[in-house]
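Going by the numbering used here, the first residue of the sequence shown is number 220, and it counts up by one from there.
The C-beta atom is built at its ideal place from N, Cα and C for all residues, glycine as well.
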Amino acid sequence: MLTPTLQFAEALGSAKIESDVYRVRGMIELANGDLEAATRSTMECLSISRANGLRLRMMSSMELLGQLLADRGYIPEAKSTYRTVVLMGQMYECQRPLESAQRRLATLEHR
């Protein structure tokens, strides 16, 4: 899934596109209920984003990781991940991931 796009990103040497491909792949795998594959794809996205200083992509992948952790029943870990996204959003002034992580964290506080 998305293999031609991933190959294109790798050939270009575009960490942004490669990171996006893994994130989208993770979202599709999550929607299909494949938590294992979604976690692998999300971790790959996070790794690429972190290694290349792609802050917004790193926050987005961490937000997806928080969702995966929550779906797997790892609520404390999901909360911690969302809190990290909130802190990063405040530090780098990225409103969208900050607000999204705050909403997800508030939902988990009631669990």
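Work out the CA separation of residue 294 and residue 280 for me, nearest whole Å.
Here residue 280 corresponds to residue number 61 of the sequence shown, with the count starting at 1. Here residue 294 corresponds to residue number 75 of the sequence shown, with the count starting at 1. Rounded to the nearest angstrom, the two C-alpha atoms are 17 Å apart.
Is residue 259 helix, strand or coil when you go by DSSP?
Locating residue 259 in the sequence shown gives position 40, counting from the first residue. Helix.
For residue 264, does the three-state DSSP call read helix, strand or coil?
Counting from 1 along the sequence shown, the entry for residue 264 is found at position 45. In the structure shown, residue 264 falls within a helical segment according to DSSP collapsed to helix, strand and coil.
Report all residues from its chain with a CB closer than 7 Å to the CB of residue 291; omit the five preceding and five following residues, and keep chain order.
Along the sequence shown, one-based indexing puts residue 291 at 72. So the list reads 254, once near-sequence residues are dropped.
For residue 243, which residues from the same chain have a beta carbon less than 8 Å from its beta carbon, with the 5 sequence-adjacent residues on both sides left out?
Here residue 243 refers to the residue found at position 24 of the sequence shown. Same-chain partners within the cutoff: 221.
Among 266, 313, 311, 304, whose alpha-carbon lies nearest the alpha-carbon of residue 323?
Translated into the one-based positions of the sequence shown, residue 323 becomes position 104. Nearest of 266, 313, 311, 304 to residue 323, Cα basis: 304.
Using only the alpha-carbon positions, how far apart do residue 341 and residue 327 sit?
Lying outside 220 to 330, the shown extent of the chain, residue 341 is not represented and no answer is given.
Quick one: using the 10 Å Cβ neighbour count with 16 as the cut-off for buried, is residue 309 buried or exposed?
Position 90 of the sequence shown, counted from the start, is the residue given in the question as residue 309. Classification of residue 309: exposed, given that the 10 Å Cβ count is below 16.
For residue 257, which residues of its own chain have a beta-carbon under 7 Å away from its beta-carbon, when the five flanking residues on both sides are left out?
Counting from 1 along the sequence shown, the entry for residue 257 is found at position 38. Once the five neighbours on either side are set aside, the close Cβ partners of residue 257 are 245, 248, 249, 287.
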